[in-house]
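Numbering (this note's numbering), first residue to last: 1 to 242.
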Ligand SMILES: [Zn+2]
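Written out as structure tokens, the structure reads:
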């Protein structure tokens with residue numbers, strides 16, 4: 001299965017949470033320790049876990065350090081307000097990666113920008129962005145059993161997209177919710193199509209999840225990292241072995 005994080009620039013904390021989770025798994029495997037009361041050697045037998053902790057590296061760089069990190073897109077990012085704290089979600093070209101997938105791509109949605117923007121511009125065509133294309137290529141190559149995308153915030157689990165959502169998805173989401181206290185939800189408006197989990201479900205007819213980690217205002221502060229990581233450890237582990 002596949003875990004991936006930081007589709008949105010200002011959601012960089014998800015990268016750190018995922019890397020820490022990966023590190024904990026490796027540590028426990030190496031030392032023969034149980035993690036969240038689970039025997040990892042047994043639980044992960046026959047499994048391969050993929051981690052892509054930073055889907056949108058240029059967006060994260062802009063969110064953290066401003067437009068001067070955007071290379072040849074510096075002027076564009078500056079004009080679009082990339083130096084305003086807490087604003088940047090897109091990649092350096094002003095395309096929102098999590099709206100650039102081929103899942104309801106042409107769905108009319110009032111309020112979504114039709115040109116490069118700090119957030120929610122879906123791009124000229126599905127997979128127009130190298131980040132999107134690379135992630136789709138990885139999925140086509142490995143045919144994951146299921147995938148999970150980490151975002152912030154809201155303490156919610158999204159699990160459905162259209163008619164190809166597999167019947168087991170809802171129950172899996174409920175098990176994951178029970179391990180974390182998160183809510184099982186369905187997104188609305190612009191967040192309800194064009195995202196990675198939507199595309200994965202629609203393309204492979206297998207489960208795809210979005211976890212909205214933590215609670216507060218994006219970007220969540222670095223000081224939330226350990227707290228969120230501890231709260232979702234068991235959920236991520238169940239997700240890995242389910
Ligand atoms: Zn997000």
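Quick reminder that beta carbons are idealized off the backbone N, C-alpha and C, glycines included.
| query | result |
| --- | --- |
| Continuous beta strand (DSSP E) assignments of at least 3 residues falling wholly in the stretch 143-168 | 147-152 and 156-158 |
| 8 Å Cβ cutoff met for residue 152 and residue 220 | yes |
| Ligand 1 heavy atom lying under 7 Å from the CB of residue 7 | yes |
| Residue 127 beta carbon near ligand 1 (any heavy atom closer than 7 Å) | no |
| For residue 48, the three-state DSSP class (helix, strand or coil) | coil |
| Proximity test, residue 268 beta-carbon vs ligand 1 heavy atom, cut-off 7 Å | The structure shown has nothing for residue 268, since the chain only spans 1 to 242. |
| C-beta atoms of residue 64 and residue 117 nearer than 8 Å | no |
| As assigned by DSSP and simplified to three states, the class of residue 185 | strand |
| Per-residue DSSP class, three states only, for residue 24 | helix |
| Identified DSSP bridge partners for residue 210 | 149 and 158 |
| The stretch 212-229 touching the stretch 140-160, judged by at least three CB pairs closer than 8 Å | yes |
| Rounded straight-line distance, which links the Cα of residue 43 to that of residue 66 | 42 Å |
| Helix, strand or coil at residue 109 [DSSP, three-state] | coil |
| For residue 196, the first and last residue of its enclosing alpha helix (DSSP H) | 196-204 |
| Cβ separation of residue 237 and residue 1, assumed to be a contact under 8 Å, to the nearest whole Å | In fact, because the Cβ distance is near 12 Å, the residues do not count as touching under 8 Å. |
| Check: residue 100 C-beta below 7 Å from any heavy atom of ligand 1 | no |
| Residue nearest to residue 87 in terms of C-alpha spacing, selected from 49, 157 and 8 | 8 |
| Heavy atom of ligand 1 within 7 Å of residue 131 beta-carbon | no |
| First and last residue of the uninterrupted beta strand (DSSP E) at residue 240 | No beta strand (DSSP E) holds residue 240; the alpha helix (DSSP H) holding it covers 225-241. |
| Nearest residue (CA-CA) to residue 156, options 146, 187, 129 and 145 | 187 |
| Residue 146 CB to nearest heavy atom of ligand 1 below 7 Å | no |
| Check: residue 11 C-beta below 7 Å from any heavy atom of ligand 1 | yes |
| Pick from 225, 202, 124 and 197 that is closest to residue 4, judged by C-alpha positions | 197 |
| Through-space distance from residue 20 to residue 27, alpha-carbon basis | 10 Å |
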